[in-house]
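Numbering (the numbering used here), first residue to last: -2 to 67. For glycine and all other residues, C-beta sits at the position ideal for the given N, C-alpha and C. See below for the structure under consideration.
This is the structure in structure tokens:
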């Protein structure tokens, strides 16, 4: 679950949902406390979607998970 999404994120950066992964995977990470969901409704049109930010727990998980060789 987090192996594909957490490496894409950095602290203090907000990401549109479509740039990270599926809605189900993102919600799993929110429930685990690794991502924080914020309403992006201040945007208009197709960009009006949830945005996500890495939490402190998510950052700790990200740095503790070894990167895959490659």
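| query | Mapping DSSP to helix, strand and coil, what is residue 7? | reply | Note: residue 7 maps to coil in three-state DSSP.
| field | Bridge partner(s) assigned by DSSP for residue 31 | value | According to DSSP, residue 31 bridges with nothing at all.
| Hey, quick one: how far does the alpha helix (DSSP H) through residue 57 stretch, first residue to last? | Run containing residue 57: 53 to 61, per the alpha helix (DSSP H) assignment.
| Burial state of residue 62 (16 or more Cβ within 10 Å) | Exposed: under 16 other Cβ atoms inside 10 Å.
| message | Alpha carbons only, please: which of 31, 45 and 23 is nearest the one belonging to residue 9? | response | When C-alpha distances from residue 9 are compared across 31, 45 and 23, the shortest belongs to 31.
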